[in-house]
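Trainee: With numbering that gives the first Met the number 0 as the guide, the letters of the sequence shown map in order to residues 0 to 325.
We treat Cβ as the ideally placed atom computed from N, Cα and C, and that holds for glycine.
Keep in mind that this is a model prediction, so the values were computed, not measured.
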Amino acid sequence: MPIPPTPLPPELGAVFSCADAYGAGVTRGRLRSSDHEAPFRGMRLRRDGNDTAADDGPFAHDRAQRRRVLRLCLAYSAVMPPHAFFAARTAAVILGAHLWHGDELDVAVLAPARAPRRRGIHGIKVAPTLVSVREHAGLRVSSPASTWAMLAAGSTLRELVIVGDAFVRVPRDSRGRLCPHEQLATTTQLTAAIDAGARRGVQKLRDALELVRIGSASPLETEFRLDAAAAGLPEPALDAEIRDAAGRLLGISDAAYPAFRVAVEVEGDHHRTSRAQWNRDIEKYAAYAAEGWEVVRLTAVHIRGSDAPAASMVRSVLQRRGWRPT
Numbered sequence: 000m001p002i003p004p005t006p007l008p009p010e011l012g013a014v015f016s017c018a019d020a021y022g023a024g025v026t027r028g029r030l031r032s033s034d035h036e037a038p039f040r041g042m043r044l045r046r047d048g049n050d051t052a053a054d055d056g057p058f059a060h061d062r063a064q065r066r067r068v069l070r071l072c073l074a075y076s077a078v079m080p081p082h083a084f085f086a087a088r089t090a091a092v093i094l095g096a097h098l099w100h101g102d103e104l105d106v107a108v109l110a111p112a113r114a115p116r117r118r119g120i121h122g123i124k125v126a127p128t129l130v131s132v133r134e135h136a137g138l139r140v141s142s143p144a145s146t147w148a149m150l151a152a153g154s155t156l157r158e159l160v161i162v163g164d165a166f167v168r169v170p171r172d173s174r175g176r177l178c179p180h181e182q183l184a185t186t187t188q189l190t191a192a193i194d195a196g197a198r199r200g201v202q203k204l205r206d207a208l209e210l211v212r213i214g215s216a217s218p219l220e221t222e223f224r225l226d227a228a229a230a231g232l233p234e235p236a237l238d239a240e241i242r243d244a245a246g247r248l249l250g251i252s253d254a255a256y257p258a259f260r261v262a263v264e265v266e267g268d269h270h271r272t273s274r275a276q277w278n279r280d281i282e283k284y285a286a287y288a289a290e291g292w293e294v295v296r297l298t299a300v301h302i303r304g305s306d307a308p309a310a311s312m313v314r315s316v317l318q319r320r321g322w323r324p325t
């Protein structure tokens, strides 16, 4: 059985330089142990047990990726030039967007400064008129609207709509109340980012902005909405509050067609694995049914793939309830 390495001095923290480690009495051999990693030259990052912790909730993979990106950004921030900031896909993930992230961190500077060059870093030089910078999670990042616009060159139209939806969404608290102060960006700010100056993919941004809507809480919800529109279905109300005849709130659904009393729920695996969530769903859908609503429940299997049936499932229910294509 291998002998565990001697604990590192606690004063080194989660991120530390090799120089600080040597100063604390850590040997070169100890710095080659597997309980930390070397993401950048001269820096060490303690391995986080949370990276492999069990998580079967919705978008568990995205949360694990975001934790990983945040830790790498924390490590690099110790050696990052003071005028640099995280941008593009890295900034999008820091800001909470569900977006694939590669192995390199996107780090930008304002022109005419020279973009950083280092293993694990994708350096970007951007015109000052095309970006604004803010602090988020203790890191310097491009603003949500700037970040969205910077994604145009390397993203699909669907990805841009997904990220746009995520940034303009108005979150709700644990009691279902809207929290406008937590909205990351407005459609006006996205428009301003498009109009800030010439950039690659500007027409794609304009096309995406026409498809961005406030109310989608996940990529799956956005993907269903886009596919439903492409299939000719009417545009649904998003993040819809369903109430009874007396105005009492029965629940909040991902999408709804109030004229036909049809609600759409896009469900992650936690709706099946969480007993509390399962019980809440049963109570909510029973209340909906008592008020004449019908619920279409969709998962990723229904929404993604070449033969995904989500739109046709909703179409059938809408037609049965009186909707006719125009």
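Taking all protein chains shown into account, do 16 or more other C-beta atoms lie within 10 angstroms of the C-beta of Cys-178, making it buried, or fewer, making it exposed?
Mentor: Numbered from 1 along the sequence shown, position 179 holds the residue referred to as residue 178. Its Cβ having fewer than 16 others within 10 Å, Cys-178 is exposed.
Trainee: Leaving out the 5 sequence neighbours to the left and right, which residues in its chain are closer than 7 Å to Asp-50 when beta-carbon positions are compared?
Mentor: Position 51 of the sequence shown holds residue 50. With a pLDDT of 49 at Asp-50, under the threshold of 50, the modelled position of that residue is not reliable, and the figure given next carries that caveat. Cβ neighbours of Asp-50 beyond the five flanking positions: Ala-63, Arg-66 and Arg-67.
Trainee: CB of Thr-298 to nearest heavy atom of the ligand ADP: below 7 Å?
Mentor: Annotation note on the ligand ADP: not contained in the displayed structure, which lists no ligands.
Trainee: Is Glu-290 near Asp-253, with beta carbons less than 8 Å apart?
Mentor: Counting from one through the sequence shown, the residue named residue 290 turns up at place 291. Counting from one through the sequence shown, the residue named residue 253 turns up at place 254. Taking 8 Å as the Cβ cut-off, Glu-290 and Asp-253 do not qualify as a contacting pair.
Trainee: Bridge partners for Phe-223 per DSSP, in chain order?
Mentor: Reading the sequence shown from its first residue, position 224 is the one you call residue 223. DSSP output for Phe-223 lists no bridge partner at all.
Trainee: Is it true that the CB of Leu-204 sits closer than 8 Å to the CB of Ala-148?
Mentor: Counting from 1 along the sequence shown, the entry for residue 148 is found at position 149. Counting from 1 along the sequence shown, the entry for residue 204 is found at position 205. In this structure, Leu-204 lies closer than 8 Å to Ala-148 by Cβ.
Trainee: Considering Leu-237, what are the terminal residues of the beta strand (DSSP E) in which it resides?
Mentor: Start at 1 with the first residue of the sequence shown, and residue 237 comes out as number 238. It spans 236-242 - the beta strand (DSSP E) in which Leu-237 sits, taken as one unbroken run.
Trainee: What is the C-beta distance between Ile-161 and Thr-221, in whole angstroms, given that I count them as a contact (C-beta under 8 Å)?
Mentor: For this step, residue 161 is matched to residue 162 along the sequence shown. For this step, residue 221 is matched to residue 222 along the sequence shown. So it is a contact: roughly 5 Å between Cβ atoms.
Trainee: Please work out which residues of its chain come closer than 8 Å, Cβ to Cβ, to Pro-115, disregarding the five sequence neighbours upstream and downstream, and give them in chain order.
Mentor: To locate residue 115, count along the sequence shown from 1; it is residue 116. Once the five neighbours on either side are set aside, the close Cβ partners of Pro-115 are Met-79, Pro-80, Ala-83, Val-106, Val-108 and Gly-122.
Trainee: What does the alpha-carbon distance come out to for the pair Arg-271 and Ala-285?
Mentor: Position 272 of the sequence shown holds residue 271. Position 286 of the sequence shown holds residue 285. Unreliable positioning characterises Arg-271 in this predicted model, as indicated by a pLDDT of 48, which lies under 50. A coordinate reading is not provided.
Trainee: Candidates Leu-138, Glu-293 and Arg-174: which alpha carbon is nearest Val-261's?
Mentor: Taking the first residue of the sequence shown as position 1, residue 261 is located at position 262. Of the candidates Leu-138, Glu-293 and Arg-174, the one whose C-alpha sits nearest the C-alpha of Val-261 is Glu-293.
Trainee: In whole angstroms, what is the alpha-carbon distance linking Arg-174 and Ile-241?
Mentor: As a working note, residue 174 is residue 175 in the sequence shown. As a working note, residue 241 is residue 242 in the sequence shown. Between Arg-174 and Ile-241, the C-alpha separation is close to 15 Å.
Trainee: With distance defined between alpha-carbon atoms, name the residue in Leu-232, Ile-213 and Asp-172 nearest to Ala-184.
Mentor: By one-based count along the sequence shown, residue 184 stands at place 185. Among Leu-232, Ile-213 and Asp-172, the Cα nearest to that of Ala-184 is on Ile-213.
Trainee: Which residues in the same chain as Ser-131 place their Cβ atom closer than 6 Å to its Cβ, once the five residues preceding and following it in sequence are excluded?
Mentor: Numbered from its first residue, the sequence shown carries residue 131 at position 132. Excluding positions up to five away in sequence, the list reads Ser-142 and Ser-145.
Trainee: Give every residue of the same chain whose Cβ lies closer than 8 Å to the Cβ of Ala-245, excluding the five residues on either side of it in the sequence, and list them in chain order.
Mentor: Here residue 245 refers to the residue found at position 246 of the sequence shown. For Ala-245, where only same-chain residues beyond five positions count, there are no Cβ hits under 8 Å.
Trainee: Using 10 angstroms around the beta-carbon of Arg-224, count the other beta-carbons present and answer buried if the total reaches 16, otherwise exposed.
Mentor: Stepping through the sequence shown from its first residue, residue 224 is reached at position 225. Under this definition Arg-224 is a buried residue.
Trainee: Whole angstroms are fine: how far does the CA of Leu-44 sit from the CA of Ala-288?
Mentor: Translated into the one-based positions of the sequence shown, residue 288 becomes position 289. Translated into the one-based positions of the sequence shown, residue 44 becomes position 45. In a straight line, the C-alpha of Ala-288 is about 53 Å away from that of Leu-44.
Trainee: For the beta strand (DSSP E) containing Val-265, name the first residue and the last one.
Mentor: Along the sequence shown, one-based indexing puts residue 265 at 266. 261-265 is the span of the beta strand (DSSP E), which, as asked, contains Val-265.
Trainee: So, with DSSP's three-state summary, where would you put Arg-62?
Mentor: Taking the first residue of the sequence shown as position 1, residue 62 is located at position 63. Here Arg-62 sits in helix by DSSP.
Trainee: Enumerate in chain order the residues of its own chain whose CB-to-CB distance from Ala-52 is below 8 Å, with the five nearest sequence positions on each side excluded.
Mentor: Taking the first residue of the sequence shown as position 1, residue 52 is located at position 53. The predicted model places Ala-52 with a pLDDT of 46, which falls under 50 and marks its position as unreliable, so this point remains unresolved.
Trainee: If contacts are defined as beta-carbon pairs under 8 Å, then Gly-200 and Ala-126 qualify, I think. What distance do you get, rounded to the angstrom?
Mentor: Here the question's residue 200 lines up with position 201 in the sequence shown. Here the question's residue 126 lines up with position 127 in the sequence shown. Wrong, their Cβ atoms sit about 15 Å apart, outside the cutoff.
Trainee: Buried or exposed: where does Pro-9 fall if 16 or more other Cβ atoms within 10 Å of its Cβ makes it buried?
Mentor: One-based indexing of the sequence shown puts residue 9 at position 10. Per the 10 Å Cβ criterion, exposed.
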